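Engineer:
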Amino acid sequence: AQDTIDRKERITHSRQLINRLPEKQRTAIQLRDIEGKTYKEIAEIMATTEADVKINIYRGRNFLKNNCKML
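Structure, rendered in structure tokens:
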């Protein structure tokens, strides 16, 4: 039972952190990590360059890594 509660708290915390990301970072991370899109596909969807996509993913992941105390 406690494991279920802990898991739900981690999921809630993760979602809150993701929602705090700037829109471009959040979108890029969701497309890459959740939907499995390539950098090229993400760049096309977001109407930007692959380099910009990589930067947004890097910054977003960095923010999440530095702020996920519970995970």
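Sequential numbering from -17 applies to the sequence shown in the working numbering.
Just so you know, even glycine gets a beta-carbon here, dropped at the ideal spot from N, CA and C.
As the structure is a computational prediction, the values presented were derived from the model and not from experiment.
What span of residues does the alpha helix (DSSP H) with Arg8 cover, start to end?
Structural biologist: Secondary structure note for Arg8: its alpha helix (DSSP H) is the uninterrupted segment Glu5 to Ile11.
Engineer: Please classify Asn38: is it buried, with 16 or more other beta-carbons within 10 angstroms of its beta-carbon, or exposed?
Structural biologist: By the neighbour-count criterion, in which 16 or more other beta carbons inside 10 Å mark a residue as buried, Asn38 falls on the buried side.
Engineer: Within the continuous alpha helix (DSSP H) that includes Lys36, where are the two ends?
Structural biologist: Glu32 to Asn49
Engineer: State the DSSP-derived secondary structure class of Thr20, mapped to helix, strand or coil.
Structural biologist: In this structure, Thr20 counts as coil in the three-state DSSP scheme.
Engineer: With DSSP collapsed to three states, give me the class of Ala25.
Structural biologist: helix
Engineer: Roughly how many angstroms separate the alpha carbons of Thr(-6) and Lys47, rounded to a whole number?
Structural biologist: 16 Å
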